[in-house]
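Novice:
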Ligand SMILES: *Cc1c(COP(=O)(O)O)cnc(C)c1O
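Numbering (my numbering), first residue to last: 1464 to 1833.
(1) Counting pairs of beta carbons, one from the stretch 1646-1656 and one from the stretch 1758-1777, are three or more of them closer than 8 Å?
(2) From what residue to what residue does the beta strand (DSSP E) around residue 1537 run?
(3) Along the alpha helix (DSSP H) that carries residue 1470, what are the first and last residues, could you check?
(4) Residue 1626 lies in the beta strand (DSSP E); which residues open and close that run?
(5) Mind pulling the beta strand (DSSP E) runs of 3 or more residues that sit fully within the stretch 1572-1606?
(6) Can you tell me whether residue 1502 is buried or exposed? The criterion is at least 16 other CB atoms within 10 Å of its CB, across all chains shown.
(7) Hey, residue 1754 and residue 1739 are a contact pair by Cβ (cut 8 Å); roughly how many whole angstroms apart?
(8) Here's the rule: buried if 16 or more other CB atoms are within 10 angstroms of the residue's CB, otherwise exposed. What is residue 1528?
(9) Does the Cβ-Cβ distance between residue 1596 and residue 1620 come in under 8 Å?
(10) Taking the beta strand (DSSP E) that residue 1616 belongs to, which residues open and close that run?
(11) Measure from the alpha carbon of residue 1702 to the alpha carbon of each residue in 1485, 1690 and 1719, then state which is nearest.
(12) Give me, in chain order, the residues of the same chain whose beta-carbon lies closer than 7 Å to that of residue 1693; leave out the 5 immediate sequence neighbours on both sides.
(13) Span of the alpha helix (DSSP H) holding residue 1497?
(14) Measuring straight from C-alpha to C-alpha, what distance separates residue 1725 and residue 1719?
(15) Rank 1508, 1650 and 1821 by C-alpha distance to the C-alpha of residue 1728 and give the top, closest one.
(16) When you compare only the Cα positions, how much space is there between residue 1539 and residue 1794?
(17) I'd like the ranges of any beta strand (DSSP E) spanning at least 3 consecutive residues and lying wholly in the stretch 1635-1713.
(18) Quick one: grab the DSSP three-state call for residue 1743.
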């Protein structure tokens, strides 16, 4: 699905040097690269605070911890996404409230958010899934009217832009009260292990987030609140610092692959290609088809026979995950979350794909006969 090795070989001199510098200095924890990477990322995103942490799931947990919610408070979350956001909601004794997604964009349906709000609802975690922004202008409006915090899980869409009706553009992850991201090796900006970050424009929240990620302390051995230990390793920060200047070029390479898929596979009655919206750019973390007539599994087996990897993100909606039974509430009916798990298929897409590979995948898919 991704080719990490080819990308490494292309960037080898920069990455090897960056890692060697860390090893030579032996500043493995909180070395200068952690701060310089964070400040470069905050410049790129045009946001005052980027607080690095151990991974994208920690980032979500720390973000929620900073909001001072009480056990039993409700947090709205899409039912069709990766488990992390819902997991940390439940872990903190909060109640996930499932809301359906839009069938064509895979992102949370903003009009169903309002209906899901109860007097206990305090926050909303939206997920910019597969590389495309949720409609943040509407979502912010609903959140403001209902006094809800907005957290953006931006693990899959770092670098995407939300486009407002007046033409103004904002990077995803910088629009809500808090944004989070992951630097897991397959993500749009990726390190060579685990890594994550919390993003905010709010100085007061930034201070709390920094404290929480560092055992609840501002001053060493003086613990003001209950926190955790979640750090970005210096080695990972060095890799990320070397790769950050290439983030737009990585996205452009994936957009070219998506364009080729769109042109070859669009207007085919057997599937729907990914929907592009007027309110977002698309950085194509995934290229996800919706296969019609229950043929998804047959197409996946056929691709496998022809040595083409493909993945089902995600095979089970969150409201059907055993872990959440009795701990969550349905905020809306969930037909799309339900149906998408049966229909979606993600094709290989990454910054290092060759014309031959793209051509082979396209020709093979076109010849699928079920
Ligand atoms: C990858 C991912 C995460 C979790 O990131 P980790 O670094 O693996 O903890 C959270 N949310 C979404 C949407 C993701 O894709």
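Glycine included, every Cβ here is placed at the ideal spot set by N, Cα and C.
Specialist: Reading from the atomic positions:
(1) The stretch 1646-1656 makes no contact with the stretch 1758-1777: fewer than 3 CB pairs, one atom from each, lie closer than 8 Å.
(2) First-last of the beta strand (DSSP E) with residue 1537: 1537-1541.
(3) Bounds of the alpha helix (DSSP H) holding residue 1470 are 1467-1488.
(4) First-last of the beta strand (DSSP E) with residue 1626: 1624-1626.
(5) Taking 3 residues as the shortest admissible run, the stretch 1572-1606 contains the following complete beta strand (DSSP E) segments, listed from N- to C-terminal end: 1584-1590.
(6) So residue 1502 counts as exposed.
(7) Rounded, the Cβ-Cβ distance is 19 Å, inconsistent with contact.
(8) Per the 10 Å Cβ criterion, buried.
(9) In contact: residue 1596 and residue 1620 (Cβ atoms closer than 8 Å).
(10) Element bounds for residue 1616: 1612-1616.
(11) If we check each option's Cα against that of residue 1702, 1485 comes out closest.
(12) Excluding sequence neighbours, residue 1693 sits near 1516, 1517, 1521, 1525 and 1676.
(13) 1495-1508 is the span of the alpha helix (DSSP H), which, as asked, contains residue 1497.
(14) Cα to Cα, residue 1725 sits roughly 10 Å from residue 1719.
(15) Nearest option by C-alpha distance: 1821.
(16) Cα to Cα, residue 1539 sits roughly 8 Å from residue 1794.
(17) Within the stretch 1635-1713, the complete beta strand (DSSP E) runs of at least 3 residues are 1641-1645, 1659-1663 and 1680-1682.
(18) In the three-state scheme derived from DSSP, where H, G and I count as helix and E and B as strand, residue 1743 is classed as strand.
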